[in-house]
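Undergrad: In my numbering, the protein residues as written are -2 to 385.
C-beta atoms are modelled at their ideal positions from N, C-alpha and C, and glycine is treated no differently.
Predicted, not measured: the structure shown is a model, and the values here were computed from it.
After the structure tokens below, expect a handful of questions from me.
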């Protein structure tokens, strides 16, 4: 194994994830500026987060099922090219409808791209490094939160939000070219690639219980994250000047969470995951209880952020190990389960957060979000019992 080449390939895959994460998450940081630019309300722009997640969750499995025996190199290059174009369209948008179309295209292309990127990561890595490399690909999303979103928010507040999407477009073109020349060209799925045979994995109760984990985890997280900026400004009384620092700290906690995720993937991950989800539930309850003490409430938010990516690597490898052993024809669809059902959770959480905010107010978000975390603890108990 050429270690230098492996590191370069891993960097490319992580870079792809970084740009996809930045394109998805940046809406949170520029929601006010974007609403003003396209002359619509903040709630209408907030709906783009829900729409993105729904399109991602619905379209990704359909596209992945149609991949069949097509060389994955071609799939990745094609869809990441569409991703680059969609962000260019966002950068030049002049109205809400064009913005809507650009975000739909971004969601349509992001799902297959990250699924194939994860498949590449698992395929090119030695078995003892699979969890580590998969966790680094997922870290691209966390790195986007740590550096990309705060920087993009600062650029938006001080210059123009369009510059961020121009940057994503240019970097996407560069990474597409690098991926074309440096990733293996021969990788593709094996086994019977018919739709029925690929979908058979969804009859496995281990998978059916397992897909609830990202749904519930991200449902809890995105009840808060979607409305983080208004929560910080209007409920916790932090000024706009604090936003870049807080978003950086939030992203840093997410990055730490993702690295812990890679470390627990090959060990007793269900037990460790349960401890972090319990921490998530407690932090969300404390957020509502301590809402009038802004620094303590912020601490609760950052504790929650430490749990946001903890399930990524172990749950992703859980799906892929089941597919590799019992459903080899379903490897690509299995590689997308975590991202698909995380986005189902994003859609549910952001929508539920909007309902709670409109009916009860921002101060109740933490209490209702904790219900998702408590349900997740129940699912972990069931999976643990089934695995024994």
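I need the boundaries of the alpha helix (DSSP H) containing residue 95, first residue and last residue.
TA: It spans 93 to 121 - the alpha helix (DSSP H) in which residue 95 sits, taken as one unbroken run.
Undergrad: Can the beta-carbon of residue 218 be found closer than 8 Å to that of residue 373?
TA: Going by C-beta atoms, residue 218 is not nearer than 8 Å to residue 373.
Undergrad: Return the CA-CA distance between residue 411 and residue 31, expressed in angstroms with no decimal places.
TA: Because the chain here runs from -2 to 385, residue 411 falls outside it and cannot be looked at.
Undergrad: Who are the Cβ neighbours of residue 224 in its own chain at under 7 Å, not counting the five residues just before and after it?
TA: The residues are 350, 354, 359 and 362.
Undergrad: Identify, in the order they occur along the chain, each residue of the same chain with its Cβ nearer than 6 Å to the Cβ of residue 129, setting aside the five sequence neighbours on each side.
TA: Answer for residue 129: 259, listed in chain order.
Undergrad: Please classify residue 68: does DSSP put it in a helix, a strand, or coil?
TA: Residue 68 falls in the coil class under three-state DSSP.
Undergrad: Considering only C-alpha positions, which residue in the set 4, 29, 377 and 323 is nearest to residue 206?
TA: When only C-alpha atoms are compared, the closest one is 377.
Undergrad: Taking 8 Å as the cut-off, decide whether the C-beta atoms of residue 158 and residue 347 are in contact.
TA: The answer is no: Cβ separation not under 8 Å.
Undergrad: How is the alpha helix (DSSP H) around residue 379 delimited, first residue to last?
TA: Start and end: 362 to 384.
Undergrad: Can you list the alpha helix (DSSP H) stretches of 4 or more residues lying completely in the stretch 265 to 329, in chain order?
TA: Within the stretch 265 to 329, the complete alpha helix (DSSP H) runs of at least 4 residues are 266 to 286, 291 to 302 and 309 to 323.
Undergrad: Cα separation between residue 227 and residue 124?
TA: Those two C-alpha atoms are separated by around 44 Å.
Undergrad: DSSP state of residue 1, grouped into three classes?
TA: Helix.
Undergrad: Just verifying my parser: in three-state terms, what is the DSSP assignment at residue 89?
TA: Coil.
Undergrad: Ordered along the chain, which non-local residues of its own chain (more than five positions away) have a Cβ less than 7 Å from that of residue 222?
TA: 25, listed in sequence order.
Undergrad: Label residue 103 either buried or exposed according to how many other C-beta atoms from any shown protein chain fall within 10 Å of its C-beta, with 16 as the threshold for buried.
TA: The residue in question, residue 103, is buried, as its Cβ has 16 or more Cβ neighbours within 10 Å.
Undergrad: Helix, strand or coil for residue 38 per DSSP?
TA: Coil, per DSSP.
Undergrad: If we ignore side chains and look at the alpha-carbon of each, how far apart do residue 45 and residue 97 end up?
TA: About 7 Å.
Undergrad: Hey, which unbroken runs of the alpha helix (DSSP H) at 4 residues or more fall wholly within the stretch 159 to 204?
TA: You should have 159 to 179 and 192 to 196.
Undergrad: For residue 112, I'd like the list of residues in its chain whose CB is within less than 7 Å of its CB, leaving aside the five on either flank, ordered along the chain.
TA: Counting only Cβ-Cβ distances below 7 Å, and skipping sequence neighbours, we find 57, 61, 329, 332, 333 and 336.
Undergrad: If the criterion is Cβ atoms closer than 8 Å, does the pair residue 131 and residue 313 meet it?
TA: It is a contact, given that the beta carbons lie within the stated cut-off.
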